[in-house]
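Colleague: In the working numbering, the protein residues as written are 21 to 684.
I have a structure I would like to understand better, so I am pasting it below and will then ask my questions one at a time.
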Amino acid sequence: MSKVFTITEGLENMGALKTGGQGSVYKARRMGPIITAVKLLPTPIHSESEHDKHYVDFLNEVAKLKRVSEQPNPNIVKILSSGITESGSLPFIEMEFIEGPDLEELLQPPHEPIFTIKEAIKVADHLSNALAHCHRLGIRHGDIKSNNVKFNIHTGNYVLLDFGLAIMSDEQRRTSLRQAGAIEFMAPEQNDGLLLPQSDIYAFGIILFELLAGRVPFPLSNRNEHARNEVRLQHMEATVPDPMTLRAEHLPEGWSSEKKDRESHVPQWLLDMIAQCLEKKPDARFKDGAALQEFLVLHSTQTRKTGNITAAPTTAWQQENEQLRREKSELQKSLQQQTEQVQAKEQELVNLRVALTRKDRELQAYANRPEPAIAPAQRQPARRDRSLRLPMILLGLFIIGAIIYMAISNLFAGKQEATKKPVTTIEQPKETKAEQPRKVIGEYKVVNDRAYFHNEADEASRRGAYLVPSEEIIKALEEQGDFIYTEFTNSRGQTSKGWLQKADLMPLEEWQAQEATKPVQLTKIEINQQLQQAKQLLEQGNKDDAIEIYKTLAAQEVPEALFEYGNRALKAEHSGLDCNSAFGMVEKAAERDYTPAKRTLGFLYLFGQNQQVLRVAKYNRCSFDRDIVRGSRLLMQAISEGDSTASEILNDFNKQQGEDGDVQ
């Protein structure tokens, strides 16, 4: 049975989901009914100090990891927060909870033992998109395996999970992989403690091999160290088995003869891609997720165009794609260099902060040391003695004056006592003048994900304790620059004192005014009713009223309304949005997996420079950039979701490109 313990304030432990060598994943409830997943790392951090190397490494890696969620990606789990547990001192990262089975579960009964070609390509598309996003930001996952990729039952997307290994130090990562890593998915270089972008590419190849063949290339017979070493050796030396032979052995008996025949013809480019991913030497694989994704988009589009597994002849479009890919590769290389420079500067900043803290302590210790009994007869101490002579004289005069004052006061008090009792002096200790600075000078609400406490009104004094958005009102007792001082008591009676940054807060009156202007959130039933009403109005020719409904629902982030309101602005059916805002609204609908939005964006990216086609489709209000790779990918996603119009658009584009190539 899993150990039950407190994670952190505002985060309730609801029990373990899974455990492994890289830590455990727990189900959690945040501030009410919101369900999240929490990854606990196995190595405790006992000191939240900049002198603790593990703590500094943890903060640095989490900072990098948070950049993944700053640019949302539908195929990567969102990172919500991180910290240290209240009991056990274990570092943790909090992620969104993805509801649905993982790939390992989808390969087990009652599911079929292999994936169809179409679904395997979908997994490859989604997972390569996730890797491209991570690698562009300098993040290497390091623990990609079939139970770390989940199918989101609400969106239909495959999502990459569990970045626990990515935030470990190199030493922790090597130890974790050596003791309990998923050896079936580990690249040969990981046995030497190396973690490269190509290591993730290798694990990607293992997953695709498993989906098509029904098992991994080098399965683990049992969990003892001898068996693990055998698999390690196979990864480094053995030839990868033929996936088609294994696929033939695992074809489900329930499939018809026609389906078995169709599913036995895996495109050669897909097999070649897997083979390149599983090369023993990292340099022989795709260099990163972006290169893998480009290969996948290009060849999956060609397969759909030709209708068979043979590669289409080189066309002008393919040449243009190749040129774009080279340019993109150069830009990504430049971006990677800049990212590494920024990371180096961040590390320098951490080191400088640690050095500054150390120097401050040394100066404090120096200032508090006792004066020596005999001053040395050296020139430099002599100058210090002369510089201290005047303050010492003044201090002596002050002490003499204080003694004289006390003597006179006692004499005067004695005379008063002889005449009357000092009635008024009895009440003097009860005065509360010392409490005057504690009066409330302002009220605030926490608006950022975390409002950290500071020992002083200085960013460098930040502590590990923090507040999160809640119903509580923060009372300011003092104010210095960009900070306010507060004494906050939670529901358990625990009090936290310190300085909070104003940037993490909002004045109560401003917050209340903002809340008052927010539209009332509609229920799903009400949203569907209004969408249906808008469609009826369009059928009746009442376009203006329908657009007003879409505008209202778009403000509540309803995907269909985002698309309709933005798309109709692009077609000049209303002037409520400029071109950039309208295009951004359609993009937002596509990010929420609204298929018509993906189809429309794919069309605009492919035909962005073809004014004749845009005019016929009534998109002549705005200008659009051409992006063949992105447009093809969006249309492929729409096609995989059953959009036949997207298939027609892609076929028309490919046909046009072929004709243009013939003319040339």
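Where is the CB? At the ideal position from N, CA and C, for every residue including glycine.
Quick check: the Cα distance between Gly2 and Ala554, rounded to an integer number of angstroms?
Modeller: Within the shown structure, residues of the chain are numbered from 21 to 684, placing residue 2 beyond reach of any answer.
Colleague: Say whether the stretch 265–277 touches the stretch 298–315, bearing in mind that this needs 3 or more beta-carbon pairs closer than 8 Å, one atom from each stretch.
Modeller: Not touching, per the Cβ criterion.
Colleague: In chain order, what residues of the same chain lie with their CB nearer than 6 Å to the CB of Ile173, ignoring the 5 residues before and after it?
Modeller: Glu119 and Gly120.
Colleague: Within 8 Å, do at least three Cβ pairs link the stretch 143–160 to the stretch 109–116?
Modeller: Result no; under three Cβ-Cβ pairs closer than 8 Å.
Colleague: Leaving out five residues on either side along the sequence, give the residues of the same chain with a beta carbon under 7 Å from the beta carbon of Ala144.
Modeller: The answer, listed in chain order, is Leu228 and Leu316.
Colleague: Leaving out five residues on either side along the sequence, give the residues of the same chain with a beta carbon under 7 Å from the beta carbon of Ser516.
Modeller: If we look at Ser516 and ignore the five residues flanking it on each side, its Cβ neighbours are Phe473, Ala485 and Phe508.
Colleague: Helix, strand or coil for Pro396 per DSSP?
Modeller: Confidence at Pro396 is low in this model, with a pLDDT of 48, below 50, so its placement is unreliable and no value can be given for it.
Colleague: The alpha helix (DSSP H) with Trp289 in it runs from where to where?
Modeller: Residues Gln288 to Cys297.
Colleague: Would you list the residues sitting across from Lys495 in a DSSP beta bridge?
Modeller: Paired residues: Glu463.
Colleague: In angstroms with no decimal places, state the Cα-to-Cα distance between Gln296 and Phe306.
Modeller: Rounded to the nearest angstrom, the two C-alpha atoms are 7 Å apart.
Colleague: Provide the residue span of the beta strand (DSSP E) that contains Gln210, from first to last.
Modeller: Where Gln210 is concerned, there is no enclosing beta strand (DSSP E), given that its DSSP letter is neither H nor E.
Colleague: Alpha carbon to alpha carbon, what distance is there between Ala477 and Glu492?
Modeller: Roughly 22 Å separates the two Cα atoms.
Colleague: With H, G and I counted as helix, E and B as strand and the rest as coil, what does DSSP make of Tyr486?
Modeller: If DSSP states are grouped into helix, strand and coil, Tyr486 belongs with the strands.
Colleague: Given this structure, state the Cα-to-Cα distance separating Leu597 from Pro217, to the nearest angstrom.
Modeller: Whole-angstrom Cα-Cα distance: 41 Å.
Colleague: Comparing alpha-carbon positions, which option in Val488, Glu479, Arg483 and Ile494 lies nearest Gly462?
Modeller: Ranking Val488, Glu479, Arg483 and Ile494 by Cα distance to Gly462 puts Ile494 first.
Colleague: Quick check: what's the CA-CA separation for Glu106 versus Ser481?
Modeller: One C-alpha to the other measures close to 21 Å.
Colleague: State the DSSP-derived secondary structure class of His474, mapped to helix, strand or coil.
Modeller: In this structure, His474 counts as strand in the three-state DSSP scheme.
Colleague: Inspect the beta-carbon positions of Asn177 and Asn95 and report whether they are closer than 7 Å.
Modeller: The answer is yes: Cβ separation under 7 Å.
Colleague: For Pro237 versus Pro261, is the C-beta distance shorter than 7 Å?
Modeller: Their beta carbons are under 7 Å apart, which means Pro237 touches Pro261 by this criterion.
Colleague: Between which two residues does the beta strand (DSSP E) carrying Trp519 extend?
Modeller: Run containing Trp519: Thr515 to Gln521, per the beta strand (DSSP E) assignment.
Colleague: Under the assumption that His155 contacts Asp308 (Cβ atoms under 8 Å), give the Cβ distance between them as a whole number of angstroms.
Modeller: Confirmed, Cβ separation roughly 4 Å.
Colleague: So, for Lys86: in the same chain, excluding its five sequence neighbours on each side, which residues have a beta-carbon less than 7 Å away from its beta-carbon?
Modeller: The answer, listed in chain order, is Ile99.
Colleague: Got a sec? Which residues, its chain only, sit under 6 Å from Leu215 by beta carbon, not counting five neighbours each side?
Modeller: So the qualifying residues of the chain are Arg160 and Gly162.
Colleague: Which partner residues does Gln500 have in the DSSP bridge list?
Modeller: Answer by DSSP bridge pairing, in chain order: Phe503.
Colleague: Near Gln5, which residues of its chain fall below 6 Å by C-beta distance, leaving aside the five closest residues on each side in sequence?
Modeller: No information on residue 5 is available, as it lies outside the stretch 21 to 684 that the chain covers here.
Colleague: Who are the Cβ neighbours of Ala666 in its own chain at under 6 Å, not counting the five residues just before and after it?
Modeller: Only Arg619, Leu655, Ala658 and Ile659 meet the Cβ criterion.
Colleague: Determine the burial state of Asp77: buried for a count of at least 16 other Cβ atoms within 10 Å of its Cβ, exposed for fewer.
Modeller: Flag for Asp77 reads buried.
Colleague: In the DSSP assignment, what residue or residues form a beta bridge with Met115?
Modeller: According to DSSP, which records beta bridges pairwise, Met115 is partnered with Ala57 and Ile99.
Colleague: Look at the alpha carbon of Ala140 and the alpha carbon of Leu232, and state the distance between them as a whole number of angstroms.
Modeller: C-alpha separation (whole angstroms): 7 Å.
Colleague: Quick check: the Cα distance between Ser685 and Leu291, rounded to an integer number of angstroms?
Modeller: Residue 685 lies beyond the stretch modelled for the chain, which goes from 21 to 684, so this question has no answer here.
Colleague: The beta strand (DSSP E) that contains Leu180, what's its start and end?
Modeller: From DSSP, the beta strand (DSSP E) with Leu180 extends over Tyr178 to Leu180.
Colleague: Ala609 to Glu299, Cα distance in whole Å?
Modeller: Computed Cα separation, rounded: 39 Å.
Colleague: What whole-angstrom Cβ distance do Gln629 and Arg646 have, given they're in contact under 8 Å?
Modeller: That belief holds up - the Cβ atoms of Gln629 and Arg646 are roughly 5 Å apart, short of 8 Å.
Colleague: Going by Cα to Cα distance, which pick from Leu487, Val460 and Asn475 is closest to Val466?
Modeller: For Val466, the nearest C-alpha among the options comes from Leu487.
Colleague: Taking C-beta to C-beta, are Ala581 and Ala602 nearer than 7 Å?
Modeller: It is not a contact, given that the beta carbons lie outside the stated cut-off.
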